[in-house]
Amino acid sequence: MPQQAEAAENVRVQYAKEVSTICTFCGVGCGIICHVQNGVVTNTEGDPDNPINEGALCSKGSSHYNISYVYDTKGKPVPNPNRLTKPLYRAPGSNKWEEKDWGWMLSEIAKRIKKTRDATFVATSGGVTVNRTPGISWLGSAFCTNEENYLFQKLARSIGIIDLDHCARL
Amino acid sequence: MVYFLTVLWERFARQAAKKHDFRLWSGGKCPVCGQKPILAMLSKGNGARLLECGLCHTRWEFYRLVCPDCGNKDQNTLGFFYLPSQQYRRVYVCKRCKYYLKTTVLRELGREIIPELENVATFYLDYLAHKEGYKLIGSKKETH
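One line per chain: the protein sequences are H and P, in this order.
According to the working numbering, the first sequence is numbered sequentially starting from 26.
According to the working numbering, the second sequence is numbered sequentially starting from 547.
Okay, here's the thing in structure tokens:
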């Protein structure tokens, strides 16, 4: 018994906080409980107290944690190596991704939008002025605020895009 | 003396459970006899916290992020501790009222438990909780 008592003296317990938050993906807003140890989120699970989801999470919500962290072989959270940290570009027909800088990326995106819009622009249809471009589609994001998504769709519609959608509809 | 009371209370509680829906009860004390819980479980389905009464063995659902004793909702002073070698047992603590509550995570463990046996088998968690400075949230001994 003394041997076990000594072993018990040396045991270190690990503390964790349970913090509730809301899933960032679609508009349902399911509750998520995060386990926080030493300022690092180590686990996420559905919040059973939340009346919206009652502890359940969809596949996107369940894997929310892996946006930032994955577990290594010892079970410790490490930053996910698959996170994108730089803009990547794959040329048409190529099978590899190249790193580009933001300046090149943004002007290239603007050039291609202009090119595609000019090539597919439809001014009138059946005698009615439509001024649309069916050659471009635009995807909103649940990671952006409602205000940002509002500006996105204003910009898209102003250049004639009619094929608008949002990742929450998937 | 106290174990004799459990025999009576347990039979009464079983009858009471047939007549009442304990899902309508949101208190930290037992809905049948008013004692504090002796043990908690996180259910396998959705992780809901189930409290088990020390006297009459009634089981009822309670919030995860609220202290069953003092009603503390501040998530900075709630939480739990665990032994890294045992992910399926936690001791939920409240730093405001300094009470602790042993909890078994059925999702991690993968099977049902018998709370009375689990309470005895986790005596080391009681020792660790006292070492960390917490008091037991409710037990038969408290009636002495």
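The beta carbon of each residue, even a glycine, is placed where N, CA and C say it ideally should be.
Being a predicted model, the structure only gives us computed values, none of them experimental.
Contact under 8 Å by Cβ, C640 (chain P) with N618 (chain P): One-based indexing of the second sequence puts residue 640 (chain P) at position 94. One-based indexing of the second sequence puts residue 618 (chain P) at position 72. The answer is yes: Cβ separation under 8 Å.
Buried or exposed (CB count within 10 angstroms, at least 16 for buried), T154 (chain H): The residue given as residue 154 (chain H) occupies position 129 in the first sequence. Exposed, by the Cβ-count rule.
Proximal residues of chain H, C-beta to C-beta of R610 (chain P) below 8 Å: For the purposes of this step, residue 610 (chain P) is taken as the residue at position 64 of the second sequence. Result: E43, I58, D72, P73, D74.
Any chain P beta carbon closer than 8 Å to G80 (chain H): As a working note, residue 80 (chain H) is residue 55 in the first sequence. Yes, its Cβ sits closer than 8 Å to a Cβ of chain P.
Under 9 Å (Cβ pairs) to chain H, residues found in the segment 562-594 of chain P: L588, S589, G591, N592, G593, A594
Beta carbon proximity, T40 (chain H) to chain P, threshold 8 Å: What you label residue 40 (chain H) is simply residue 15 of the first sequence in a count that begins at 1. Position check: residue 40 (chain H) holds Tyr in this sequence, whereas Thr was assumed. Between Y40 (chain H) and chain P, the shortest Cβ-Cβ separation is below 8 Å.
Helix, strand or coil at F608 (chain P) according to DSSP, with G and I counted as helix: The count along the second sequence starts at 1 and reaches residue 608 (chain P) at position 62. Here F608 (chain P) sits in strand by DSSP.
CA-to-CA distance, G100 (chain H) to G574 (chain P), given in whole angstroms: Position 28 of the second sequence holds residue 574 (chain P). Position 75 of the first sequence holds residue 100 (chain H). C-alpha of G574 (chain P) to C-alpha of G100 (chain H): approximately 34 Å in a straight line.
Boundaries (first-last residue) of the alpha helix (DSSP H) holding H191 (chain H): Here residue 191 (chain H) refers to the residue found at position 166 when the first sequence is read from its first residue. Segment 186-191 is the beta strand (DSSP E) holding H191 (chain H); no alpha helix (DSSP H) there.
Local Cβ density within 10 Å of E43 (chain H), reported as buried at 16 or more and exposed below that: Position 18 of the first sequence holds residue 43 (chain H). E43 (chain H) comes out buried.
Contact with chain H by E598 (chain P), beta-carbon distance below 8 Å: Looking up residue 598 (chain P) in the second sequence gives position 52. Not closer than 8 Å to any Cβ of chain H, the Cβ of E598 (chain P) fails to qualify, so no.
Option in P:R605, P:V553, P:F627 with minimal Cα separation from Y645 (chain P): Taking the first residue of the second sequence as position 1, residue 645 (chain P) is located at position 99. Answer by Cα proximity: P:F627.
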